[in-house]
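Chemist:
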Amino acid sequence: MNEEKELTRIERELVLQYLRDDNVPVTVTLEEKPGAVETEVSGNVAPVPAKEARLPASVLFPVAIPAEQMTVLDQGIILLKNTGATSRTVQVFLGKTVRVQFYFNHLGLYFVTVMKECSKGLALVVPASIYRMHETPSAPDYLFVGTISFLSHDGVPVKLSCVPRADYPLFVRPSWGDIATENQQAAKALLERFVSQERSENGEGFGNGLHLFSVCRYLVEPPVHEPYALDGAVQPLEMIYVDEQKIVLASAKSDLELEFSVDYQFDLVCTLQAHSLLKRTVRIVCTVERSYTDGERPATCVLCRYLAVQKEDERFLYERMYGRPAGVV
Numbered sequence: 003m004n005e006e007k008e009l010t011r012i013e014r015e016l017v018l019q020y021l022r023d024d025n026v027p028v029t030v031t032l033e034e035k036p037g038a039v040e041t042e043v044s045g046n047v048a049p050v051p052a053k054e055a056r057l058p059a060s061v062l063f064p065v066a067i068p069a070e071q072m073t074v075l076d077q078g079i080i081l082l083k084n085t086g087a088t089s090r091t092v093q094v095f096l097g098k099t100v101r102v103q104f105y106f107n108h109l110g111l112y113f114v115t116v117m118k119e120c121s122k123g124l125a126l127v128v129p130a131s132i133y134r135m136h137e138t139p140s141a142p143d144y145l146f147v148g149t150i151s152f153l154s155h156d157g158v159p160v161k162l163s164c165v166p167r168a169d170y171p172l173f174v175r176p177s178w179g180d181i182a183t184e185n186q187q188a189a190k191a192l193l194e195r196f197v198s199q200e201r202s203e204n205g206e207g208f209g210n211g212l213h214l215f216s217v218c219r220y221l222v223e224p225p226v227h228e229p230y231a232l233d234g235a236v237q238p239l240e241m242i243y244v245d246e247q248k249i250v251l252a253s254a255k256s257d258l259e260l261e262f263s264v265d266y267q268f269d270l271v272c273t274l275q276a277h278s279l280l281k282r283t284v285r286i287v288c289t290v291e292r293s294y295t296d297g298e299r300p301a302t303c304v305l306c307r308y309l310a311v312q313k314e315d316e317r318f319l320y321e322r323m324y325g326r327p328a329g330v331v
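Quick note on numbering: our numbering labels position 119 of the sequence shown as 121, and the sequence is numbered without any gaps.
(1) Mind checking Ile12: buried by the 16 CB within 10 Å criterion, or exposed?
(2) Can you tell me whether His155 is buried or exposed, with buried defined as 16 or more other CB within 10 angstroms of its CB?
(3) Sorted by chain position, which residues of the same chain lie with C-beta nearer than 6 Å to Ile286's C-beta, five sequence neighbours on each side aside?
(4) According to DSSP, is Ile132 helix, strand or coil?
(5) So, with DSSP's three-state summary, where would you put Arg90?
(6) Using a Cβ-Cβ cutoff of less than 6 Å, which residues in the same chain neighbour Thr31 once the five nearest sequence positions on both sides are dropped?
(7) Could you name the residues that DSSP lists as bridge partners for Asp269?
(8) With a threshold of 8 Å between beta-carbons, can Tyr20 be considered close to chain B, or not?
(9) Rounded to a whole number of angstroms, what is the C-alpha to C-alpha distance between Ile79 and Ala301?
(10) State yes or no: is the C-beta of Leu75 within less than 8 Å of the C-beta of Gly123?
(11) Which one of Tyr105, Arg134, Met72 and His277 has the shortest CA to CA distance from Leu9?
(12) Can you name, in chain order, every residue of its own chain whose Cβ lies under 6 Å from the Cβ of Thr273, other than the five neighbours on each side?
(13) Please classify Thr29: does DSSP put it in a helix, a strand, or coil?
(14) Which two residues bound the contiguous alpha helix (DSSP H) that contains Val217?
(15) Within the continuous beta strand (DSSP E) that includes Arg101, where are the two ends?
(16) Specify whether the segment 148-165 and the segment 107-127 touch according to this definition: at least 3 beta carbon pairs, one from each stretch, less than 8 Å apart.
(17) Per DSSP, Pro159 is paired with what?
(18) Under the three-state reduction of DSSP, which class applies to Ile12: helix, strand or coil?
(19) CB Val165 to CB Glu240, shorter than 8 Å?
(20) For Gly207, count the other beta carbons within 10 Å of its own beta carbon; 16 or more makes it buried, fewer makes it exposed. Which is it?
(21) For the beta strand (DSSP E) containing Phe318, list its first residue and its last residue.
(22) Give me whichever residues DSSP pairs with Ser293 in a beta bridge.
(23) Just confirm the distance between the C-beta atoms of Thr289 and Cys306, as a whole number of angstroms; I'd bet it's less than 8 Å.
(24) To which residues does DSSP link Tyr243 through a beta bridge?
(25) Would the beta-carbon of Leu212 fall within 8 Å of that of Pro176?
(26) For Val65, which of helix, strand or coil comes out of DSSP?
(27) Where Cys120 and Lys83 are concerned, what is the direct C-alpha to C-alpha distance, given to the nearest angstrom?
(28) Have a look at Glu246, Leu126 and Leu153 and flag the residue whose alpha-carbon is nearest the alpha-carbon of Lys313.
(29) Could you name the residues of the same chain whose beta carbon sits closer than 6 Å to that of Ser293, not counting the 5 residues immediately before and after it, in chain order?
(30) Whose C-alpha, out of Gln77, Tyr112 and Leu21, is nearest the C-alpha of Glu70?
(31) Please go through the same chain and pick out, in chain order, the residues whose beta-carbon is closer than 6 Å to the beta-carbon of Thr99, but skip the five residues on each side of it.
(32) Select from Lys255, Lys7 and Val264 the residue whose C-alpha is nearest the C-alpha of Gln237.
(33) Roughly how far, in whole angstroms, is the beta-carbon of Tyr220 from the beta-carbon of Ile249, given that I think they are within contact range, below 8 Å?
(34) Pick helix, strand or coil for Gly179, following the three-state DSSP scheme.
(35) CA-CA distance, Asp169 and Arg322?
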């Protein structure tokens with residue numbers, strides 16, 4: 003596991019000078035394990051914290067603060083202006099420990115602090131420690147391709163190819179920062195809607211909701227591929243999220259042939275990139291649990307929950323997702 007690297011004192015001073023002199027937007031995120039807010043998101047009835055201790059769902063959403071909405075003082079304090087929608091949005095972080103992320107010469111940096119209130123508004127004190135963000139591995143160790151099989155209404159066997167979307171690496175936990183800044187407002191509106199729906203329906207197995215980052219990103223971004231040149235050619239479904247319990251399939255079109263309350267056979271073929279002859283096929287029985295659209299465009303995402311998977315395959319998927327065996331913290 004890569005250790006986070008702390009900036010030296012001189013590097014920190016250079017970064018502070020950069021924040022003061024340049025128009026640098028930052029992103030504020032709640033610095034808390036997903037499990038701490040999972041009950042609030044999933045709509046579980048018990049155990050439920052006292053009303054005054056509950057976190058509003060909006061704290062789950064990272065907030066991008068434009069440069070014009072803040073001032074960086076010489077003392078290393080970021081003051082947030084009391085004007086505009088951004089000011090109202092970040093109020094939910096008051097008194098909470100947050101992670102503040104930004105970029106310095108294309109290098110991702112962050113620090114952890116508590117959002118406080120002063121006479122001039124909300125403030126973020128830059129601590130002594132500023133860290134470099136983890137670098138994403140340049141290439142995955144496995145390549146993936148999938149097939150989902152079922153019988154049509156006429157009893158004809160159907161097989162649909164499923165391919166990973168190039169810019170949605172599988173078994174890498176998605177984050178809000180994956181979504182382009184210009185699309186974050188639209189993505190946030192979708193995220194709030196999906197969380198609200200999940201609460202009202204008291205859905206099972208919502209978990210930490212990480213898959214929703216990929217879902218919202220897909221629905222607000224334009225498709226990256228051109229329609230197939232051959233008439234009648236079937237466009238493969240795109241895999242945009244996979245873990246040991248669920249997979250999210252997506253299509254730029256609305257006519258996915260997958261239905262609710264149907265058992266599907268899903269085969270995920272994993273090829274070791276360094277040795278193309280070494281392959282592993284993970285066989286899964288799954289069902290469509292949720293469907294997501296933005297209500298305006300034909301793009302659709304479906305969440306498929308696993309109904310049956312071999313224990314050794316579940317362990318394999320878990321290790322791909324978390325980089326460690328199940329049960330190891």
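Cβ coordinates follow ideal geometry from the N, Cα and C atoms, glycine included.
A quick note: this is a predicted structure, and the numbers were derived from the prediction, not measured.
Modeler: Well, looking at it:
(1) exposed
(2) exposed
(3) Phe268, Tyr308 and Val311
(4) coil
(5) In the structure shown, the three-state DSSP call for Arg90 is helix.
(6) Around Thr31: Pro64 and Arg101.
(7) Thr149 and Arg285
(8) Judged by its chain identifiers, the structure shown contains no chain B, having just a single protein chain.
(9) If I take the Cα positions, the gap works out to 43 Å.
(10) no
(11) Of the candidates Tyr105, Arg134, Met72 and His277, Arg134 places its Cα closest to the Cα of Leu9.
(12) Leu145 and Lys281
(13) DSSP places Thr29 in the strand class (E or B) of the three-state scheme.
(14) His213 to Val222
(15) Here the beta strand (DSSP E) through Arg101 covers Thr99 to Phe106.
(16) no
(17) Beta-bridge pairing by DSSP links Pro159 to Leu153.
(18) In the three-state reduction of the DSSP assignment, Ile12 falls in the helix class.
(19) Contact: yes.
(20) Confidence at Gly207 is low in this model, with a pLDDT of 47, below 50, so the placement of that residue should be treated as unreliable; the coordinate-derived value is given next. The residue in question, Gly207, is exposed, as its Cβ has fewer than 16 Cβ neighbours within 10 Å.
(21) No beta strand (DSSP E) contains Phe318, which is instead part of the alpha helix (DSSP H) from Lys313 to Tyr324.
(22) Val304
(23) 7 Å
(24) Val250
(25) yes
(26) strand
(27) 11 Å
(28) Glu246
(29) Val304
(30) Leu21
(31) Glu33 and Val116
(32) Lys255
(33) So it is not a contact: roughly 14 Å between Cβ atoms.
(34) helix
(35) 18 Å
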